[in-house]
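Asker: Count the sequence shown with the working numbering and you get residues 276 to 621, in order. All C-beta atoms, glycine included, are put in the ideal place defined by N, C-alpha and C.
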Amino acid sequence: MGLAGQMLESVGKAFIFERFRPKLKGYLSRAGISEVPFALMGGLFWLSIFPVAYLFIFKVWGIVIEKSHNPVFQFLLAVVSWSIVHFAVLAAIAAVVYFYLDLRIFNRTKKMEAVLPDFLRMVSENLKGGMPFERSLWSAIKPEFGILSQEVRLAAKKVITGTDVDVAIIEFTSKYDSPMLRRSFDLILEGMKGGAKTAEVIDRVIDTIEETKELKADMAATNLSYVIFVIVIVVIVAPGLFTLSFQFLTILQGLGERISSSGAEQAGASLPISFGKVSIEPERFRDFSRYALMVISLFAGMIVSLISKGSIKGGIRFVPFLFIGSQIVYAVTMKIGTSVFSGFFA
276 MGLAGQMLES
286 VGKAFIFERF
296 RPKLKGYLSR
306 AGISEVPFAL
316 MGGLFWLSIF
326 PVAYLFIFKV
336 WGIVIEKSHN
346 PVFQFLLAVV
356 SWSIVHFAVL
366 AAIAAVVYFY
376 LDLRIFNRTK
386 KMEAVLPDFL
396 RMVSENLKGG
406 MPFERSLWSA
416 IKPEFGILSQ
426 EVRLAAKKVI
436 TGTDVDVAII
446 EFTSKYDSPM
456 LRRSFDLILE
466 GMKGGAKTAE
476 VIDRVIDTIE
486 ETKELKADMA
496 ATNLSYVIFV
506 IVIVVIVAPG
516 LFTLSFQFLT
526 ILQGLGERIS
536 SSGAEQAGAS
546 LPISFGKVSI
556 EPERFRDFSR
566 YALMVISLFA
576 GMIVSLISKG
586 SIKGGIRFVP
596 FLFIGSQIVY
606 AVTMKIGTSV
616 FSGFFA
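#1: Which first and last residues belong to the alpha helix (DSSP H) in which residue 415 is found?
#2: For residue 387, count the other beta carbons within 10 Å of its own beta carbon; 16 or more makes it buried, fewer makes it exposed. Which is it?
#3: Are residue 286 and residue 325 close, meaning C-beta to C-beta below 8 Å?
#4: Considering only residues of the same chain and omitting the five flanking positions on each side of residue 412, which have a CB-CB separation below 7 Å?
#5: Going by C-alpha to C-alpha distance, which of 318, 307, 611 and 445 sits closest to residue 288?
#6: Is it right to say residue 576 is buried, meaning 16 or more other beta carbons lie within 10 angstroms of its own, or is it exposed?
#7: With DSSP run on the structure shown, which of helix, strand or coil describes residue 493?
#8: Examine the Cβ distances between the stretch 432-449 and the stretch 355-370 and report whether three or more of them are shorter than 8 Å.
#9: Roughly how many angstroms lie between the CA atoms of residue 492 and residue 279, to the nearest whole one?
#10: Helix, strand or coil for residue 428, going by three-state DSSP, please let me know.
#11: Quick one: grab the DSSP three-state call for residue 474.
#12: Measuring CB to CB, does residue 568 end up less than 8 Å from residue 514?
#13: For the putative contact between residue 303 and residue 291, defined by C-beta atoms under 8 Å, what is the C-beta separation to the nearest angstrom?
#14: By Cβ distance, which residues of its chain are closer than 7 Å to residue 509, with the 5 residues on each side in sequence left out?
#15: Any idea what DSSP makes of residue 407, helix, strand or coil?
#16: On a CA-only basis, which of 502, 617 and 301 is nearest residue 530? Give me that one, please.
#17: Alpha carbon to alpha carbon, how far is residue 496 from residue 488? Give it in angstroms, no decimals.
#18: Could you compute how far the alpha carbon of residue 612 sits from the alpha carbon of residue 383?
#19: On a CA-only basis, which of 586, 474 and 579 is nearest residue 405? Give me that one, please.
#20: To the nearest angstrom, report how far apart residue 444 and residue 409 are at their CA atoms.
#21: With 16 other CB atoms within 10 Å as the buried threshold, where does residue 392 fall?
#22: Are the beta-carbon atoms of residue 476 and residue 463 separated by less than 8 Å?
#23: Buried or exposed for residue 605, going by 16 or more other Cβ atoms inside 10 Å?
#24: Which value, in whole angstroms, describes the spacing of the CA atoms of residue 517 and residue 501?
#25: Only counting the same chain, and skipping five residues up and downstream in sequence, which positions put a Cβ closer than 6 Å to that of residue 414?
#26: Would you report the Cα separation of residue 615 and residue 453, rounded to the nearest angstrom?
#27: Between residue 542 and the rest of its own chain, which residues show a CB-CB distance below 8 Å, the 5 nearest in sequence each way excluded?
#28: Using CA coordinates, which residue listed in 523, 591, 349 and 423 is at the minimum distance from residue 374?
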């Protein structure tokens with residue numbers, strides 16, 4: 276590691292206290308990261324200075340100047356403001372990194388759950404062939420099982436160094452938030468302690484896992500109509516309603532300007548409706564519509580994920596498609612609506 280890397284690593288270590296490093300290392304290991312990337316943390320700290328400088332110069336400094344003309348007070352206020360802005364930017368970066376790592380842990384967990392029945396089936400075959408449980412478990416470690424093989428290999432290393440098999444397996448299953456993984460190995464270990472035939476217990480566990488997967492697939496197929504309904508609402512109905520609202524606002528604004536410019540205030544006094552100035556600018560409403568569609572797409576993606584996958588993290592990939600689709604439909608409907616309603620006050 277060069278001098279620059281050592282400097283970045285020292286900066287990264289300055290933000291992580293010694294007592295928090297073991298917990299952080301354990302959390303990163305669940306995401307497949309063996310070592311704490313202190314150099315990357317230091318690099319993110321230095322990169323965060325650029326957005327902080329931009330926000331401070333173009334957003335905060337003007338407010339500092341307005342508050343006081345005393346140079347000492349301005350300096351103190353500038354230091355406090357910089358610290359607050361920098362802390363907020365670092366918190367935002369930390370939130371993004373945490374979201375990425377949490378999503379990566381979730382994907383690793385789902386990959387292990389997907390290959391768990393095949394792994395246990397191989398363990399059962401080894402047991403039926405006369406191998407003891409520990410040997411059957413280690414012999415089932417194959418490259419095609421991916422992350423699960425890596426975790427079982429780590430458990431095997433702990434056993435070699437003197438840890439009991441059940442303790443090593445419990446430590447492995449407790450690392451991940453996976454009821455399927457934890458309950459499966461807990462049942463196997465309890466069966467071993469109770470004197471039951473381990474191969475038969477594993478076969479029953481495999482049957483239960485496969486039945487659970489089939490039930491989840493049936494539930495997802497049954498709820499497909501709800502998923503389609505939510506997607507249609509977000510991608511088609513919501514942009515269309517915002518477009519109609521924008522056109523209605525434009526018509527009201529044009530009608531009010533037409534009446535006021537023609538000098539019809541006296542004639543309008545006899546009307547049951549009085550037209551005043553529209554307080555909402557159409558351009559601001561258009562910006563609001565775009566931001567609202569972003570928020571709607573985010574929560575709709577969560578709903579679709581819950582319905583189809585049973586978890587928000589499992590379907591977070593739906594959000595970009597909903598966002599892009601709603602924005603494209605909104606742009607198209609706005610062009611169509613503008614061309615249709617533009618002749619009203621031509």
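Answerer: According to the data block:
#1: From DSSP, residue 415 is part of no alpha helix (DSSP H); its letter is neither H nor E.
#2: buried
#3: no
#4: Once the five neighbours on either side are set aside, the close Cβ partners of residue 412 are 398 and 427.
#5: Comparing Cα positions, the closest option is 318.
#6: buried
#7: helix
#8: no
#9: 51 Å
#10: helix
#11: In the structure shown, residue 474 sits in a helix (DSSP, three-state: H, G or I).
#12: yes
#13: About 11 Å separates the two Cβ atoms, so there is no contact after all.
#14: 571, 572, 575, 597 and 601.
#15: coil
#16: 617
#17: 12 Å
#18: 46 Å
#19: 474
#20: 11 Å
#21: Residue 392 should be labelled buried.
#22: Yes, the Cβ-Cβ distance between residue 476 and residue 463 is below 8 Å.
#23: By the 10 Å Cβ count, residue 605 comes out buried.
#24: 23 Å
#25: 401
#26: A straight line joining the alpha-carbon of residue 615 with that of residue 453 spans about 54 Å.
#27: Note that residue 542 scores a pLDDT of 49, beneath 50, so its modelled location is shaky and nothing firm can be said.
#28: 591
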